[in-house]
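Numbering (my numbering), first residue to last: 16 to 195.
C-beta atoms are modelled at their ideal positions from N, C-alpha and C, and glycine is treated no differently.
Values in this document were obtained by computation on a predicted structure and should not be read as measured data.
Structure first, then comments.
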Amino acid sequence: MHIRAARQNELSLLQDIERAAGQCFRDIGMQEIADDEPLPLGELARYQLAGLAWVAVNDADTPVAYLIADRVDGNLHIEQVSVHPDSSRRGIGRTLLDHLAVQSTTEGTPALTLTTFTEVPWNAPYYARCGFQLLDDRRLTPGLRQIREREAAHGLDQWPRSCMRRTLGELSGAGRPDGS
16 MHIRAARQNE
26 LSLLQDIERA
36 AGQCFRDIGM
46 QEIADDEPLP
56 LGELARYQLA
66 GLAWVAVNDA
76 DTPVAYLIAD
86 RVDGNLHIEQ
96 VSVHPDSSRR
106 GIGRTLLDHL
116 AVQSTTEGTP
126 ALTLTTFTEV
136 PWNAPYYARC
146 GFQLLDDRRL
156 TPGLRQIRER
166 EAAHGLDQWP
176 RSCMRRTLGE
186 LSGAGRPDGS
């Protein structure tokens with residue numbers, strides 16, 4: 016699997032990937048998440064133009080997964096990572112996360128952050144296996160607090176949700192790109 020920067024002409028495909036990936040939420044009673052529309056093309060273009068959008072591509076150079084991030088309080092905050100169900104369970108999401116970690120480490124970014132559902136198996140438990148740790152609300156930075164407030168206003172707090180952090184610069188164990 017090759018990871019590269021997302022291209023402008025692929026942004027609608029990223030929306031399709033997110034819609035398809037979101038359908039698994041329907042199976043666990045989270046229809047509102049499954050039905051939630053992906054970010055608009057203009058918003059995805061902002062990430063792409065800022066160099067904060069990456070795709071995992073197949074042998075035909077077609078995206079099968081993507082990750083977008085924002086700079087929040089000196090860290091890189093993962094806004095979205097989605098893998099098309101036809102390509103899931105192959106380590107592609109972890110590869111995208113590790114790609115971002117390596118790139119961020121070389122730039123001197125201290126950590127990756129994200130928000131996630133704590134009781135969804137492919138959310139918080141998965142990210143914990145990828146080297147992320149749950150953050151106590153007292154440790155939230157101002158930017159993470161704002162993100163959580165926006166999520167709550169969007170209705171995401173009807174399910175348990177939390178922030179997580181992966182410290183960089185000391186990649187060890189499951190957090191290493193080589194998996195060692």
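- Positions of the beta strand (DSSP E) runs, each at least 3 residues long and wholly inside the segment 152-188, are given as 176-182 in order along the chain.
- Bridge partners of Ser119 according to DSSP: none are assigned.
- Less than 8 Å separates the beta-carbon of Val87 from that of Gly158.
- Residue environment for Thr77: exposed (fewer than 16 other C-beta atoms within 10 angstroms of its C-beta).
- At least 8 Å separates the beta-carbon of Ala75 from that of Leu115.
- Here Glu33 is buried: its Cβ has 16 or more other Cβ atoms, across all protein chains shown, within 10 Å.
- In this structure, DSSP gives Ser102 a helical state, which the three-state scheme calls helix.
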